[in-house]
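In case it helps, numbering that gives the first Met the number 0 puts the sequence shown at residues 0 to 426.
Quick reminder that beta carbons are idealized off the backbone N, C-alpha and C, glycines included.
A short write-up of the structure that comes next.
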Amino acid sequence: MTQAPARPRRGIRLPRRPRPAADGLRERARRARSAIGRAHAAHVAPRLEVVSPIGWTVALGAAACWTAGLLLHVTELVVLGVMLTVPLLIAAVFVLGRSAYRVTLDLSASRVVVGERAIGTVEVANDSSRVMMPSRIELAVGGATAQFLVPRLRPERSHEEIFAIPTRRREVLVVGPVRSVRDDPLGLMRRQVTWAHEQEVYVHPRTVRLGGFETGYLRDLEGTPSSALSSSDIAFHALRDYVPGDDRRHVHWRTTARTGRLMVRQFEETRRSHVVVALANSAAHYAHDEEFELAVSVAASLAAQTIREEKDLTALTISGRQRTDSFRRLMDDYTVIEAERARHGLRDIGRAASETAPNASAVMLVVGSQASPAELSSAAAQLPAGVVAIAIRCASDEKVRRSHIGALELVTVGEIDQLPRALRAVA
């Protein structure tokens, strides 16, 4: 008997692994495509950006005229193609070449006050060994652009332009970058190179010195007395019998000689004056933007005077606290304060002042003309008992007025120059 051939066993075929050679080819192809892409981004794309939208329109028109004229044998289209090509060639001559400038942007001050001018200079130097043709320099200032014409520069020569930027409002002004521009008269091509990057100028709010602030009831050379008694402090309270352990320097010898008993001085504990300047920065409390700017100037003036008098200061808004470790940082923070579009009641700013500085001796609340007496009363109710509470109401074009809402002193100012007189009236 013949035995039937055995059938081949059926199994699961595993996928073949790609060969190492194929993997290497794919990796080299990927690297080649990546290199081509980088080369295109580094060399081709910047050259294509030189052509303006008008230039691309002229170039496409020239290409269409050349193609149609040669294929259809229409002489007029060929002539039109030549007429469109010639301006492109002339424009290319204007933007060709490399510039070897050294451009320096120098600002005399990085901090100015509203109304002052920010002064700066742009210096363009030719560090190459050949003569540089006339060019145009563009300086970006905020959303505007200033232009300077640079004359023909010989080797190792420089040209300086002085500029002044008027400041009309509180802001962080971005000055720069500085670019050299080369273009043709028809605007078909434009080539620009950035030489100096942007710098920031802080335009601080306008402030006034508060002479009356020093002689009012915030002036306290010996501190604010408290109800706690102490055996060693500044504010004298009374005399008492000597207790072992008392400092002998506090013995009152004249009374001791008269009574025959050893008597020592008893003092009150004092606390250093701590001023809170709370700016209500909800847009709903102000009639317009100018009124909010007045409130920022008032708050900045109060905070600046507190720092000059070397008192403890807490400056805050509903958005957060301002830095008070230096005058410069304080004014920088007031520069970037914005009116909150979300409505916040004055009760919130009063609560924030109470929680942030529970041991404050005076709270200056700066509000707008739209703040109601009920809101002011609710804000004052959140403050700690015994604190001196003053609300400065900012209302454009109004005269100085003084009134009371419970224990809250309320003064109205219509412009920043009225603030010293208003505080003297309160004092």
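A straight-line Cα-Cα distance of about 29 Å links E48 and D105.
In this structure, T313 lies near T355, with their beta-carbon atoms less than 8 Å apart.
Nearest to H158 by C-alpha distance, out of L138, Y100 and V57, is Y100. With 16 or more neighbouring CB atoms inside 10 Å of its own CB, S353 falls in the buried class. The three-state secondary structure of M188, taken from DSSP, is strand. In this structure L70 is exposed. Its beta-carbon is surrounded by fewer than 16 other beta-carbon atoms within 10 angstroms. Setting aside the 5 residues that flank it on each side, T316 is surrounded in the same chain by L278, N280 and I336, each with a C-beta closer than 7 Å to its C-beta; the list follows chain order. Taking the Cα of S51 as reference, the smallest distance to any Cα among G319, A388, D183 and L422 is reached at D183.
Membership of V94 in the alpha helix (DSSP H) is indicated by the continuous run T74 to V94. Under the rule that a run must span 4 or more residues, the alpha helix (DSSP H) segments found entirely inside the stretch 249–323 read 252–258 and 288–307. The DSSP-derived three-state label of V242 is coil. By the criterion of at least three beta-carbon pairs nearer than 8 Å, the stretch 105–114 is not in contact with the stretch 76–89.
Counted as a single uninterrupted DSSP element, the beta strand (DSSP E) harbouring E160 occupies residues S157 to P165.
When DSSP assignments are scanned along the stretch 338–402, the uninterrupted stretches of beta strand (DSSP E) that are 3 or more residues long and fall wholly within it turn out to be 361–367 and 387–393. Counting the other CB atoms within 10 Å of its CB gives I161 a total below 16, which places it among the exposed residues.
Counted as a single uninterrupted DSSP element, the beta strand (DSSP E) harbouring R110 occupies residues R110 to V112.
Under the DSSP assignment, P176 falls in the beta strand (DSSP E) whose first and last residues are E170 to D182. Annotation for Q369: A283, H284, Y285 and A286 place their beta carbon closer than 8 Å to its own, counting only its chain and skipping 5 residues before and after. Burial of W194 is indicated by the presence of at least 16 other C-beta atoms within 10 angstroms of its C-beta. Annotated three-state conformation of T144 is strand, per DSSP.
Boundaries of the beta strand (DSSP E) around R101: Y100 to L106.
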